[in-house]
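Residue numbers (our numbering): 3 to 245. In what follows, a single structure is set out as structure tokens and then discussed.
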Amino acid sequence: MATAVHNTELNSAVLDFANDVARQSAEIFRAYRETGTITANGTVGFIERVPGEDQIVSVNLPHPFDRSIHSNEPLNFTVTGLDGTAFKGRPNGRYLKVFNQNPTVTSLSHVHSPSLGAWAQTHRTLPISYVPVQRFHLARELPVYIDRRQDEAEFINEKLAENPFTPAIIEANGGATVWGWKGLRDLAEFILLLEEGAQIQIQAQALGGSRTYGPGVLRQQWKMSKRYDEARGLGLLPVTDLD
């Protein structure tokens, strides 16, 4: 894939969007630090599709030795074309295949968080048994990416082809890659909940482990998020939860 530098200045709409992504990312990174959502090293970044353009904006949390969490300086960002062209900064091509093959995906993050990272050490899929995580999502578990001879983006596309509702993968011995369809804030909130759920499920192991949902739970949760009819049409509800 081409990685040529494009010398044309970014148009004002793209630049405004990129600056807003950087501003929101700074607020999210600060919240992640305050809530313990990320590891000490702070491996986390966001990639946002530019609306109406074949471009993505990427923002990463600086290393803790490089920047104070209290700094008010704007974060750096890059802008990369979906063909690999670097419009600003170094091109970020790691997940271009995901954005190219899944045009409704708006946002993606690779993140190392304490509990998701701990689960990643087990090489096990992560079942979703924490209702705040399940409420807005129809997937029931997160697949685990183990064999790195396969490109990660190709693995993600493979899993999305199998189940288009898959919102994340666990990266064995690393962290997680999470994506969304509703923009940066929605994705950021989901990551926080996903880490919280993983932490609670790990803690439950000491008490005998998490249990599957009781009767009516999926019905209740998907009605709250207005996804009940969709879930019913896809046959995702147990008999106990059908109206």
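From the three backbone atoms N, C-alpha and C, an ideal C-beta is built for every residue, glycine too.
Secondary structure, beta strand (DSSP E): runs of 3+ residues fully inside the segment 65 to 106: The segment 65 to 106 contains these whole beta strand (DSSP E) runs: 80 to 83, 88 to 90.
For residue 92, I'd like the list of residues in its chain whose CB is within less than 7 Å of its CB, leaving aside the five on either flank, ordered along the chain. Non-local C-beta neighbours of residue 92 in its own chain, meaning closer than 7 Å and more than five positions away in sequence, comprise 80, ordered along the chain.
Would residue 2 pass as a contact of residue 168 if the rule is Cβ separation under 9 Å? No information on residue 2 is available, as it lies outside the stretch 3 to 245 that the chain covers here.
Please report how far the alpha carbon of residue 3 lies from the alpha carbon of residue 83, in whole angstroms. The pLDDT assigned to residue 3 is 47, lower than 50, so where the model puts this residue is not dependable; a value taken from the coordinates is nonetheless given after this. When the Cα atoms are used, residue 3 and residue 83 turn out to be separated by approximately 11 Å.
Measuring straight from C-alpha to C-alpha, what distance separates residue 185 and residue 208? Across the structure, residue 185 and residue 208 are spaced so that their CA atoms are roughly 36 Å apart.
Just curious, the alpha helix (DSSP H) that residue 31 is in, first and last residue? Per DSSP, residue 31 belongs to the alpha helix (DSSP H) from 14 to 37.
For residue 133, write down the residues that DSSP places opposite it in a beta bridge. None; residue 133 has no bridge partner.
Taking the CB atoms as reference points, tell me whether residue 118 and residue 110 lie closer together than 9 Å. Not in contact: residue 118 and residue 110 (Cβ atoms no closer than 9 Å).
At the level of alpha carbons, what is the spacing between residue 9 and residue 88? Note on residue 9: pLDDT 47, under 50, position unreliable in the model; the coordinate value appears next. Between residue 9 and residue 88, the alpha-carbon positions lie close to 9 Å from each other.
Hey, how far is the Cα of residue 164 from the Cα of residue 105? The C-alpha of residue 164 lies about 16 Å from the C-alpha of residue 105.
Under the assumption that residue 176 contacts residue 122 (Cβ atoms under 8 Å), give the Cβ distance between them as a whole number of angstroms. Correct: roughly 6 Å between the Cβ atoms.
Can you tell me where the beta strand (DSSP E) holding residue 51 begins and where it ends? For residue 51, the enclosing beta strand (DSSP E) begins and ends at 46 to 51.
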